[in-house]
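Visitor: To start, I am sharing the structure in question, which I have written as structure tokens.
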Amino acid sequence: MSLSIRRASLTFLLLSTRLLLADVLPTPPSAASTPAIPVPSIHRSLARITTTSQDPNYREPWAAGQISGGVGTGFIIDSERILTNAHVVSNARFLTVEKEDDPRRYTAKVQFIGHDCDLAVLKVNEPGFFKDTVPLQLGGIPEIESTVAAYGYPVGGERLSVTEGIVSRIDFQTYTHSLVDAHLAIQISAAINPGNSGGPVLQHGKVVGVAFQGYSGDVAQNVGYMIPVPVIDRFLKDISDGHYDKYMDLSIATFPLQNPAMRRALGLADDDRGVMVSKVAAEGCSDGILKDGDVLMAIDGHGIASDGFTVLDGARVQMAEVVERKFKGDDVKLHIIRDRQEMDVTVKLDAAWPYLMQANTYDAAPRYVLYGGLLFQPLSRNFLEAYEIDDLRVRYFYDFFLEDELYKDHPEVIVLSAILPDPANTYLSDFKDGIVDEINGEKVKTLDDLANGFRKEADQYVIKLLGVGRPLVLDRAAAEAARERIDQRYNVVKEQNLRD
Amino acid sequence: MKKVTQRTCLAAACAALLCGPGRLAAAPEEAVPAKMVPVVRVNATNQAWDFFHPWAKHAPYSHRGLGAVIANGEVLVTAELVANSNYLELERAETGEKVPATVVVVDYEADLALLKPQDDKFLKGITPLILTDASVGDHIAIWQLESTGALLATDALLTTVQVARYPEEDVALLDYNLTTSLQYRDGSFTVPIVKGGKLAGLLLRYDTRTQDADAIPAPVIEHFLHDAAEKTYGGFPKAGLLFASARDPQLRRYANIPAMVPGGVYVTHVERESAAEEAGIKEGDILLELAGRSVDQDGNYTDPRHGKLSLINLISLQTAGSKVPVKLLRNGKALDVDITLRHKAVESYVIPPYVIDKAPSYYVLGGLVLQELSRQYLKEWGGDWQKKAPERMVYYDHYQSDLFHGERKRLVILSQVLPTTDTIGYEDLGSLVVTKINDVPLTSFADVPRALEHPVNGFHKIEFEENPNVIYLDAQQVSDHLEDLKKTYGLPDISRTE
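Here the protein sequences line up with chains X and C, keeping their order.
Every letter in the first sequence is one number past the one before it in the working numbering, and letter 64, counting from 1, is 64.
Every letter in the second sequence is one number past the one before it in the working numbering, and letter 490, counting from 1, is 490.
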């Protein structure tokens, strides 16, 4: 599902308060009417989560990063666990949870986190927390137009808030937390606001979703999204073996076959069935099994319509939903037409989407190499958001990394992102924002390659940057002599980090 | 998807002339009796092609400028004033008498054009301006006309003479930098600047906020006029190489530049099929001397009049076709070569930097709009086109000399899809590079109609460089629906090819 998503504009807003503290509006006093679907014991199932997080600093990757705080919601599920959104507890350094009517603040830790589905499971360090609590049960997919109620701790006050609305739409949506994932999501008309994140949305006493994202008021009104039960279910099943394997992905792009001439040219019947494979990502699950131009007719026996939809449990959904419900190691059976021959192929789901360069990443330390005052970092979304580089080549490598298969030569795109001025590099400022291609004649495909290059003894390090005719030349003796001076002057506590 | 935009940045820069009155700073250098004023008004009606709808033109618009009357009864203006002009008219300042005019020579790179009135006697009584170069520190008069036809002269100080970017992105030529406080007058699109009664340049742009002005200087005008007098216009030559500073001692050691060699600049790129390539210059060479002038570590030479100037000026002010000696260092060894400099014609680019005075080629196939990729097309996205136009196309344009060579003379693109019964399901496609039609590889736009003559099994097969790789149209239906398509979308013709 991820192939077509590029640098989408961030009109979405995640509903953890830490993103939006400036936007706090006074909430009008509650009308105190009885909720249509009363859940008398709900206060015994909710947790108010206070997160202290530290986001890595990509501009100074050796520094620990800014400390910030935020509030979100979670709810108690079976086995003394709390379910919440991944974005509520991402990059967390310290977590406390509180219950309604209990003054005590309990410390908690993240047990499992799925950044691709924006869900996390917390464990509370003190067992007393779960005394007198009631775990919530998961329901199903609510009907369109049916009423639901969202519970949580949104901005506007300290205590539990309830809002009510109806189910407006059930569709695939981009999950803003990672920005490259799209899964099933349910749009509801209940007001959900920053702080609601991770809170349960209930119908008939059961959880039908986890509130997680919405639009800011200047884009759209009363549009909130919740993560529906199939996604929650999948996450809980995935972690049941003690490890989160992530969503699996066919890692292909498809083109709809709605044009009658195109159908006839491909020898297809006029039956509105089938989509064409237009891209197979190298190193994805389908690499070597599917080919460009294959027509996908059925997936696990479910016929695929010409617009890429299929019918599951009586509902029309994107064909990707079949894969969405599967786990690592599962098979996907595809009925395809290749060169006018019908055939069956099986794709083993042994890998998630292979290229996460364009995804937001969390809970990972930035990777970098600093040498002679030159800072080299792999291109990524987090990196680009920190630097806002305008250089056309860097932008192209980011935006067309997948489509133009730039990953083949540059699985990591190593950018000379900054130069800490020093006599050792005084004439090198023109090279900033260049993409490293070679060091002393050896290709640089990853950050490790570059680090290894600098480890080798040489009189000079000669670095070739892509499309730059003049090499960057660094005298090793001068760079080594500059080491301590640069570290001290710029407060560099660590010269490289090669691991996440 | 596409936005209707303003004109390109060039016009925007010139438009700055038309707003914000400035204050008269100092007494003009000198006054000229009104009846002798060697300038005429130029009224131009221009109409550019609409590259988003290549079968149509944008709305016509008119603007006025001043032309400098020079020898041979000709009038010098900036090329922007006459770009895509439908009709040109000269108007005498003192009498208001008008006469149609034609463009004799135009160079959009140097931004200069030469006009001639249809009636030879029209400029009678005017003593033509002759050229003079100026130096930093000189006071120069900027000439405008009052509505009465009287001369308005504003003092300007020449602050810098340097090589600077001209309105066409790829062009860098000598430029006068002036400080002045110019007042608004109607018809300020082209404005002459004058020193001691002689023409020192034409104003290129003026920023009302900073009061900075740029002018096309006399040496560039002189080169233009010299070439214009030849049988064929030669233009400003290029060497086809890029260079970067060789100041870094670490780089000099790497490149084996002997310590006693003081200057030299690092050749970073040699364009394919360029003068530099033919001369045998290679990437990594150190260029020490060109046309007898030594080049310093940053690529400057010392001009007798203007002091340090970029090597680019040394090249561009040569006559196209002239052979000049170059001294190089390769791996520490001296090497002498001769380079025959030549102008690079706009037609020789894979993605032409501009398409002016020329209708764009297109082919509307069943609703698929096929066009030639040019920077002019990308500029339809407006002043910020480098950010707003499709990124892949901007990338291709910017790095075209690296990316394209050999067979491919032009890129054919699917720019947009007009929804029709034939293009159902293709509506969202756009900005795709077309590689083949009916299995025929496309090397130029002329291949398109030829390739369409032979459908494959009754289908037009269109292949792209990108996702979705291939689509098909029913050849018979496309031809049956042709008149319908023309009528529905008001297309005067289904195609235009050269």
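Just so it is clear, CB atoms sit at the ideal spot from N, CA and C, and this is done for glycine as well.
Quick caveat: nothing in here was measured; it's all calculated off a predicted structure.
For E278 of chain C, which three-state DSSP category applies?
Guide: Here residue 278 of chain C corresponds to residue number 278 of the second sequence, with the count starting at 1. Here E278 of chain C sits in helix by DSSP.
Visitor: When the Cα atoms are used, what is the spatial distance from V106 of chain C to Y426 of chain C?
Guide: As a working mapping, residue 106 of chain C is identified with position 106 in the second sequence. As a working mapping, residue 426 of chain C is identified with position 426 in the second sequence. C-alpha separation (whole angstroms): 42 Å.
Visitor: Of all the options C:A56, C:G149 and C:A44, which has the alpha carbon lying nearest to the alpha carbon of I494 of chain C?
Guide: Walking along the second sequence from the start, residue 494 of chain C turns up at place 494. Answer by Cα proximity: C:A56.
Visitor: Specify whether the segment 69 to 88 of chain X and the segment 188 to 199 of chain X touch according to this definition: at least 3 beta carbon pairs, one from each stretch, less than 8 Å apart.
Guide: Touching, per the Cβ criterion.
Visitor: Kindly provide the ranges of any beta strand (DSSP E) runs that are 3 or more residues long and lie completely inside the segment 252 to 300 of chain X, ordered along the chain.
Guide: Whole beta strand (DSSP E) segments, 3+ residues: 252 to 256, 275 to 280 and 295 to 299.
Visitor: Okay, do the segment 91 to 107 of chain X and the segment 119 to 129 of chain X touch, 3+ Cβ pairs below 8 Å being the bar?
Guide: The segment 91 to 107 of chain X, when compared against the segment 119 to 129 of chain X, does touch it at the 8 Å Cβ threshold.
Visitor: Roughly how many angstroms lie between the CA atoms of I141 of chain X and E321 of chain X, to the nearest whole one?
Guide: For this step, residue 141 of chain X is matched to residue 141 along the first sequence. For this step, residue 321 of chain X is matched to residue 321 along the first sequence. Approximately 14 Å between the Cα atoms of the pair.
Visitor: Give the DSSP-derived three-state secondary structure of A386 of chain X in the structure shown.
Guide: As a position in the first sequence, residue 386 of chain X is number 386, starting the count at 1. Of the three classes helix, strand and coil, the one that applies to A386 of chain X here is helix, per DSSP.
Visitor: Whose C-alpha, out of C:N177, C:T179, C:D175 and C:Y206, is nearest the C-alpha of T190 of chain C?
Guide: Reading the second sequence from its first residue, position 190 is the one you call residue 190 of chain C. Here the closest residue by C-alpha is C:Y206.
Visitor: Shortest alpha-carbon distance to S322 of chain C belongs to which of C:L329, C:L314 and C:D175?
Guide: As a first step, residue 322 of chain C is located in the second sequence; it is residue number 322 there, counting from the start. Considering only alpha carbons, the answer is C:L314.
Visitor: Can you round the beta-carbon distance between M226 of chain X and A352 of chain X to whole angstroms, since I take them to be within the 8 Å contact cut?
Guide: Counting from 1 along the first sequence, the entry for residue 226 of chain X is found at position 226. Counting from 1 along the first sequence, the entry for residue 352 of chain X is found at position 352. M226 of chain X to A352 of chain X, Cβ: 23 Å. No contact.
Visitor: Taking CB distances under 7 Å as the criterion, tell me whether A261 of chain X reaches chain C.
Guide: By one-based count along the first sequence, residue 261 of chain X stands at place 261. So, interface residue.
Visitor: Could one say the Cβ of R247 of chain C lies closer than 7 Å to chain X's Cβ atoms, at least one of them?
Guide: Within the second sequence, the letter at position 247 stands for residue 247 of chain C. R247 of chain C counts as touching chain X.
Visitor: In angstroms, rounded to a whole number, what distance separates the CA positions of L88 of chain C and P100 of chain C?
Guide: Here residue 88 of chain C is taken as the residue at index 88 of the second sequence, counted from 1. Here residue 100 of chain C is taken as the residue at index 100 of the second sequence, counted from 1. Distance between the alpha carbons of L88 of chain C and P100 of chain C: 6 Å.
Visitor: Could you name the residues of chain X that Q477 of chain C contacts, counting a contact when the two beta carbons are closer than 8 Å?
Guide: Along the second sequence, one-based indexing puts residue 477 of chain C at 477. Correct list: A261.
Visitor: Would you list, in chain order, the members of the segment 394 to 421 of chain C that have their beta-carbon closer than 9 Å to a beta-carbon of chain X?
Guide: Correct list: V394, Y395, H398, Y399, D402 and T421.
Visitor: To the nearest angstrom, report how far apart D402 of chain C and E271 of chain C are at their CA atoms.
Guide: Within the second sequence, the letter at position 402 stands for residue 402 of chain C. Within the second sequence, the letter at position 271 stands for residue 271 of chain C. D402 of chain C and E271 of chain C: Cα-Cα distance of roughly 8 Å.
Visitor: Check distances from the C-beta atoms of the segment 452 to 475 of chain X to those of chain C and list, in chain order, the residues that come in under 8 Å.
Guide: Residues Q460, V462, G467, V468, G469, R470, P471, V473, L474 and D475.
Visitor: Looking at the C-beta of T268 of chain C, does it have a partner C-beta in chain X at a distance below 7 Å?
Guide: Here residue 268 of chain C corresponds to residue number 268 of the second sequence, with the count starting at 1. Closer than 7 Å: yes.
Visitor: Please list, in chain order, all residues of the same chain as H335 of chain X whose beta carbon is under 6 Å from its beta carbon, the five residues on each side excluded.
Guide: Residue numbering aside, residue 335 of chain X sits at position 335 when the first sequence is read from its first letter. Excluding sequence neighbours, H335 of chain X sits near M297, A298 and D344.
Visitor: Helix, strand or coil for S374 of chain C per DSSP?
Guide: Position 374 of the second sequence, counted from the start, is the residue given in the question as residue 374 of chain C. Here S374 of chain C sits in coil by DSSP.
Visitor: Taking DSSP as the reference, what is the three-state secondary structure of V324 of chain C?
Guide: As a first step, residue 324 of chain C is located in the second sequence; it is residue number 324 there, counting from the start. The answer is strand: DSSP assigns V324 of chain C an E or B state.
Visitor: Cβ of A11 of chain C less than 7 Å from any chain X Cβ?
Guide: Start at 1 with the first residue of the second sequence, and residue 11 of chain C comes out as number 11. Only weak support exists for where A11 of chain C lies, its pLDDT of 34 falling under 50; the value from the coordinates is given anyway. Judged by the 7 Å Cβ criterion, A11 of chain C is not in contact with chain X.
Visitor: Do L447 of chain X and R381 of chain X have their CB atoms nearer than 7 Å?
Guide: As a first step, residue 447 of chain X is located in the first sequence; it is residue number 447 there, counting from the start. As a first step, residue 381 of chain X is located in the first sequence; it is residue number 381 there, counting from the start. No, the pair does not count as a contact, with Cβ atoms beyond the cut-off.
Visitor: I424 of chain C and N193 of chain X look like a contact to me (Cβ under 8 Å); what is the Cβ gap, rounded to whole Å?
Guide: The residue you call residue 424 of chain C lines up with position 424 of the second sequence. The residue you call residue 193 of chain X lines up with position 193 of the first sequence. Contact doesn't hold; Cβ gap of about 42 Å is too wide.
Visitor: Say whether chain X places a C-beta atom closer than 7 Å to the C-beta of I471 of chain C.
Guide: As a position in the second sequence, residue 471 of chain C is number 471, starting the count at 1. Closer than 7 Å to some Cβ of chain X, the Cβ of I471 of chain C qualifies, so yes.
Visitor: Using the Cβ count rule (16 or more neighbours within 10 Å means buried), how would you classify M276 of chain X?
Guide: Residue mapping note: residue 276 of chain X aligns to position 276 of the first sequence, counting from 1. Buried.
Visitor: Could you give the residue range of the alpha helix (DSSP H) that holds E391 of chain C?
Guide: The residue given as residue 391 of chain C occupies position 391 in the second sequence. Looking at the DSSP string, the run of the alpha helix (DSSP H) that includes E391 of chain C is E391 to H398.
Visitor: Run through the segment 193 to 228 of chain C for me and flag every whole alpha helix (DSSP H) of 4 or more residues, listed as ranges in chain order.
Guide: 218 to 228, all fully within the segment 193 to 228 of chain C.
Visitor: Under 7 Å between the Cβ atoms of Y153 of chain X and G195 of chain X?
Guide: Position 153 of the first sequence, counting from 1, holds the residue named residue 153 of chain X. Position 195 of the first sequence, counting from 1, holds the residue named residue 195 of chain X. It is a contact, given that the beta carbons lie within the stated cut-off.
Visitor: Contact between the segment 297 to 309 of chain C and the segment 346 to 361 of chain C is defined here as three or more beta-carbon pairs at a separation below 8 Å; is this criterion met?
Guide: The segment 297 to 309 of chain C vs the segment 346 to 361 of chain C: no contact.
Visitor: Determine the burial state of Y238 of chain C: buried for a count of at least 16 other Cβ atoms within 10 Å of its Cβ, exposed for fewer.
Guide: Stepping through the second sequence from its first residue, residue 238 of chain C is reached at position 238. Sequence check: residue 238 of chain C is Lys here, not Tyr. Classification of K238 of chain C: buried, given that the 10 Å Cβ count is 16 or more.
Visitor: Figure out for me which residue from C:D397, C:T208, C:S316 and C:H223 has the closest Cα to the Cα of L114 of chain C.
Guide: In the second sequence, the residue the question calls residue 114 of chain C occupies position 114. Comparing Cα positions, the closest option is C:H223.
Visitor: Return the chain-ordered list of same chain residues with a C-beta closer than 6 Å to the C-beta of S444 of chain C, the five sequence neighbours on each side being excluded.
Guide: Here residue 444 of chain C is taken as the residue at index 444 of the second sequence, counted from 1. Within the same chain, S444 of chain C has close Cβ partners K409 and R410.
Visitor: Quick one: list the residues of chain C neighbouring L392 of chain X, beta-carbon separation under 9 Å, in chain order.
Guide: In the first sequence, the residue the question calls residue 392 of chain X occupies position 392. What L392 of chain X touches in chain C: Q386, E391, V394, Y395, H398 and Y399.
Visitor: From the beta carbon of F459 of chain C, is the nearest beta carbon of chain X less than 7 Å away?
Guide: For this step, residue 459 of chain C is matched to residue 459 along the second sequence. It does; some Cβ of chain X falls within 7 Å.
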